[in-house]
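Q: Chains as they are written, first to last, in my numbering: chain A, 687 to 892; chain B, 687 to 892; chain C, 687 to 892; chain D, 687 to 892.
There are 4 protein chains.
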Amino acid sequence: MSPPPTPATDTRSRILDAAARLFHEQGFNATGVSTILREAGVNPGSLYNLFPSKDALLAAVLERYTELLHPVVMAPVEARTSDPVERVFALLQQYREWFSPLDFRLGCPIGNLALEVADSHPEIRPLIKANFDGWIAYVRKWLDEAGDRLPADLDRDQLAGTVLTIMEGGLMQARSSRSAAAYDASVSQLRSYFDFLLTRGAARPG
Amino acid sequence: MSPPPTPATDTRSRILDAAARLFHEQGFNATGVSTILREAGVNPGSLYNLFPSKDALLAAVLERYTELLHPVVMAPVEARTSDPVERVFALLQQYREWFSPLDFRLGCPIGNLALEVADSHPEIRPLIKANFDGWIAYVRKWLDEAGDRLPADLDRDQLAGTVLTIMEGGLMQARSSRSAAAYDASVSQLRSYFDFLLTRGAARPG
Amino acid sequence: MSPPPTPATDTRSRILDAAARLFHEQGFNATGVSTILREAGVNPGSLYNLFPSKDALLAAVLERYTELLHPVVMAPVEARTSDPVERVFALLQQYREWFSPLDFRLGCPIGNLALEVADSHPEIRPLIKANFDGWIAYVRKWLDEAGDRLPADLDRDQLAGTVLTIMEGGLMQARSSRSAAAYDASVSQLRSYFDFLLTRGAARPG
Amino acid sequence: MSPPPTPATDTRSRILDAAARLFHEQGFNATGVSTILREAGVNPGSLYNLFPSKDALLAAVLERYTELLHPVVMAPVEARTSDPVERVFALLQQYREWFSPLDFRLGCPIGNLALEVADSHPEIRPLIKANFDGWIAYVRKWLDEAGDRLPADLDRDQLAGTVLTIMEGGLMQARSSRSAAAYDASVSQLRSYFDFLLTRGAARPG
DNA sequence: TATGAATGAGGGTTCATTCAT
DNA sequence: CATGAATGAACCCTCATTCAT
């Protein structure tokens, strides 16, 4: 199913790891190919054998993020929280735990790229959207699983998208202030909204 | 109060205008100083006479955004909408009207810079935060003006920050999908939350 | 005789002082006009009113060194040492005392310029030569004053030039090693040569 | 032992040759990297692939001078002169023959750099010192080979250093006057000193 | 396939100098 | 005479990428 772990595979992985890390830490434009080469311990020829361009490498990084969405982002949430509504907040809490030790540096790697390259790299934008769509789909699934605890007339797609909005918008502000407060504020208001929705869901006519 | 419109002032303005536009359109790192110079019709010595570095130019651009917050962003909203709660949504609607004709390209210039340079430019981060703080302060003022139409136990600072979160997070998704839907979704959920809050406010014990 | 101490004279002096110091500390090519302006607290227009170019400023600096040769370099030596032969070594000792506290940084300001600009600035070379000639003339005068203590067939011009050679060559090596040893070595050998010459002078036929 | 003459080696040599020549002709600061590139027929990326900076290129130039000290400077002297004392003056004569046709332009490439960059480039100074030390070591070796023709109590290290002092100081003056006279004067006085020393050596107690 | 030198356009910035006020 | 913005060539260096071995 997967290719054998040839040296080339190792090289490819090392490049992808280095590129993903550096794009996250420094941004796409601020990361030179030579830095990726150095950090991956690879020569330009090798990189350009495997990836036709820096843009193609970015595409591969985003594809990898798509693959990692479940094992890295969603599975841990589902493992430690079973209640579907609580999974929403466990997910938001997970980002807080990731970035709080860094004083909210770095931010969401997908969100960063969304704002940096969405306009300039038309071929990349769909890959960003795919990551967002996948993320939202998990939240949407949980909202579905909440069943009639949530109001029947609730637009669950909209709400799932709003959860991502809260995460990205909250993280942006936390990063700008180097403080959890802005993130926590938005999450707290979302919680308040969910409390209201759950009340309405519970109050449905029998 | 303001410096006289000497040639230098003109040059400074032309540089700031060009830089602000290009940073918005292409991002900070993707914008070369030479492009700014060409678009402003200025030569390098002039720019570096007025701004000690590209980073200092970025700082000046952000200070200008702070100055423009009221006349460009908030005053039009307050002019066309008098109800304080409706002003919140008029503000969000204004962004929609700005970016919808562009298929949600560009995005918020402050938000873009927040994700691109907050970590790499420590001296810039406070200027981004100042823009966010100023934006939030207007929303907070409107929430105050809503008085007891909103619940007494509502944390209005949190809610004001969440309005910015909705704008930034919604715009990010709209940009990634080139569609208003994601933005509208988050605004719509915020409206639903406000409806709930107004209901609770109205239901206060008399 | 001298112009009244107008502000312009002050400005001129401040510029010359700053330029002389910076050319000495950093060299001519490594010193930017803007640095001179900053250190002198002067605007470009002012400098270029008084000196038509950076090269002309260099010429003025060298003329000033010529003026300062007696009061700064030779007078102190003549004041503290009366024996003409000992004045030669007091002069060499004076350079040692100037540069030893600096670990032999900086070196001779004239010698530095001699090697840096003699070829590229034909109009400057004579000014350097004039400084060297003036310096040698003092030594030559002392050798004359030594009268028949030195051999009659000694070429005193040659010997005076050699004293400068010892100073410049010794300082160059001291600067390269950050140590007095190389300078002292050459001076010590010169002393040995003088001892021989004085012996021969004393042994002249009666 | 030496790397194969790959294209890279050729490029490296072309760059080093051009840089050494231009640094000698114009000085370090007055030589632009672009001039080196043009003269070497190389583009910037190539140079910076082989040398991390202009300063590193200067270091390599000085290392090359160290390598060339024997084949270019000392071997010819030893080839044409066998008497060790005469080798000292053959060496000084060789410099005269090199620079006399140029009217004593250019000067000693090491000496020039000593005065231009010793203070500003701490990593370069030891390389200059190494060149001087190597030069002096040859002279010192010849003085040793002169055995008891020279006085037993002579400090031969000091004298060897003084030979370099004479060369550098004499060349500096020759360059400033565009004339051999100043150089010849110092060499002549050194000859006179050597004559004295040889006399004293010969007069040792039997 | 791996290597690392070569490519050459472009990066941000400083240079000495001029000129309008 | 002072001011400081304007000039534009040149500064050193890095970029993403290609290519010969």
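Built from N, CA and C at the ideal position, the CB exists for glycine as well.
Are the region 798-818 of chain B and the region 694-709 of chain C touching by the rule of at least three beta carbon pairs closer than 8 Å?
A: No: the two stretches stay apart, fewer than three of their Cβ pairs being nearer than 8 Å.
Q: Report the residues of the region 844-866 of chain C with a CB closer than 8 Å to any CB of chain D, ordered along the chain.
A: Taking 8 Å as the Cβ-Cβ cut-off against chain D, the residues of the region 844-866 of chain C that qualify are Gln844, Leu845, Gly847, Thr848, Leu850, Thr851, Ile852, Met853, Glu854, Gly855, Gly856, Met858, Gln859, Arg861, Ser862, Ser863 and Arg864.
Q: If you drop the 5 nearest sequence neighbours on each side, which residues of the same chain put their C-beta closer than 6 Å to that of Ile852/C?
A: Cβ within range, chain order: Ser872 and Leu876.
Q: Using only the alpha-carbon positions, how far apart do Gln844/B and Glu711/C sit?
A: Cα-Cα distance, rounded: 59 Å.
Q: Can you find a C-beta in chain B that's less than 7 Å from the C-beta of Ala705/A?
A: No, no contact with chain B.
Q: Do you know offhand how far Pro795/B's Cα is from Lys740/B's?
A: Straight-line Cα distance between these residues: approximately 17 Å.
Q: Using beta-carbon positions only, say whether Leu829/A and Ala846/A come within less than 7 Å of one another.
A: Yes, the Cβ-Cβ distance between Leu829/A and Ala846/A is below 7 Å.
Q: In terms of residue numbering, what span does the alpha helix (DSSP H) encompassing Asp834/A cover?
A: Unbroken run through Asp834/A: none, as it is neither H nor E.
Q: If we count Cβ pairs, one from each stretch, closer than 8 Å, do we get three or more for the region 783-790 of chain C versus the region 805-812 of chain C?
A: Contact between the region 783-790 of chain C and the region 805-812 of chain C is absent, because fewer than three Cβ pairs lie under 8 Å.
Q: Do Arg864/A and Gly793/A have their CB atoms nearer than 7 Å?
A: Against a cut-off of 7 Å, the Cβ pair of Gly793/A and Arg864/A comes out as no contact.
Q: Output the boundary residues of the alpha helix (DSSP H) element that contains Phe785/A.
A: From DSSP, the alpha helix (DSSP H) with Phe785/A extends over Pro770 to Phe785.
Q: Can you check whether the CB of Gly797/C is closer than 7 Å to the CB of Leu836/C?
A: No.
Q: Residues of chain D with CB under 9 Å from Gln779/C, in chain order?
A: Here the premise fails: no neighbours, minimum Cβ distance about 16 Å.
Q: By the three-class DSSP mapping on this structure, what secondary structure does Asn715/C have?
A: Coil.
Q: Would you mind stating whether Leu744/D and Phe737/D have Cβ atoms separated by less than 7 Å?
A: Cβ distance not < 7 Å, so Leu744/D and Phe737/D don't count as in contact.
Q: Can you tell me whether Pro691/B is buried or exposed? The criterion is at least 16 other CB atoms within 10 Å of its CB, across all chains shown.
A: Any reading at Pro691/B must be qualified, since the residue scores a pLDDT of 49, below 50, and its modelled position is unreliable; the value itself is stated next. Its Cβ having fewer than 16 others within 10 Å, Pro691/B is exposed.
Q: Do you know offhand how far Ala716/B's Cα is from Ile722/A's?
A: Cα to Cα, the separation comes out at about 18 Å.
Q: Going straight from the alpha carbon of Ser874/B to that of Gln779/B, what length do you get?
A: Each residue's Cα considered, the two are about 11 Å apart.
Q: Under 9 Å between beta-carbons, which chain A residues line up against Gly887/B? List them in chain order, please.
A: Chain A residues near Gly887/B: none, gap ~13 Å exceeds 9 Å.
Q: Measuring straight from C-alpha to C-alpha, what distance separates Phe880/A and Leu777/A?
A: Cα-Cα distance, rounded: 15 Å.
Q: Which residue comes first and which comes last in the alpha helix (DSSP H) that contains Asp843/D?
A: Where Asp843/D is concerned, the enclosing alpha helix (DSSP H) stretches over Arg842 to Ser863.
Q: Within this structure, are the beta carbons of Val771/C and Ala838/C separated by less than 7 Å?
A: No, they are not a contact pair.
Q: Can you pull the chain D residues whose beta carbon is under 9 Å from the beta carbon of Phe818/C, in chain order?
A: Near Phe818/C (Cβ distances below 9 Å), the residues of chain D are Met858, Gln859, Ser862, Ser863 and Ala868.
Q: Using a Cβ cut-off of 8 Å, which residues of the region 780-796 of chain B contact any Cβ in chain A, in chain order?
A: If the cut-off is 8 Å between Cβ atoms, the region 780-796 of chain B has Arg791, Leu792 and Gly793 near chain A.
Q: Quick one: which residues of the region 706-735 of chain A get their C-beta closer than 8 Å to a C-beta of chain B? List them in chain order.
A: Listed by position, the residues of the region 706-735 of chain A near chain B (Cβ gap below 8 Å) are Glu711, Gln712, Gly713, Asn715 and Ala716.
Q: Once the 5 residues before and after Thr752/A are set aside, which same chain residues still bring their CB inside 7 Å of it?
A: Ala816, Asn817 and Gly820.
Q: Considering only their Cβ atoms, is the gap separating Gly855/A from Glu725/B smaller than 7 Å?
A: It is not a contact, given that the beta carbons lie outside the stated cut-off.
Q: Whole angstroms are fine: how far does the CA of Ser699/B sit from the CA of Asn729/B?
A: About 14 Å.
Q: Rounded to whole angstroms, what's the CA-CA distance from Trp784/A to Phe714/C? Just pull it up for me.
A: For Trp784/A and Phe714/C, the distance between alpha carbons rounds to 55 Å.
Q: Please tell me whether Ile810/C has its Cβ less than 7 Å away from any Cβ of chain D.
A: Not one chain D Cβ lies under 7 Å of Ile810/C.
Q: Are the beta-carbon atoms belonging to Leu801/C and Leu755/D less than 7 Å from one another?
A: It is not a contact, given that the beta carbons lie outside the stated cut-off.
Q: What first and last residue would you give for the alpha helix (DSSP H) that runs through Asp805/B?
A: Careful: Asp805/B lies outside any alpha helix (DSSP H) and carries neither H nor E.
Q: Ends of the alpha helix (DSSP H) at Arg886/A?
A: It spans Ala867 to Ala888 - the alpha helix (DSSP H) in which Arg886/A sits, taken as one unbroken run.
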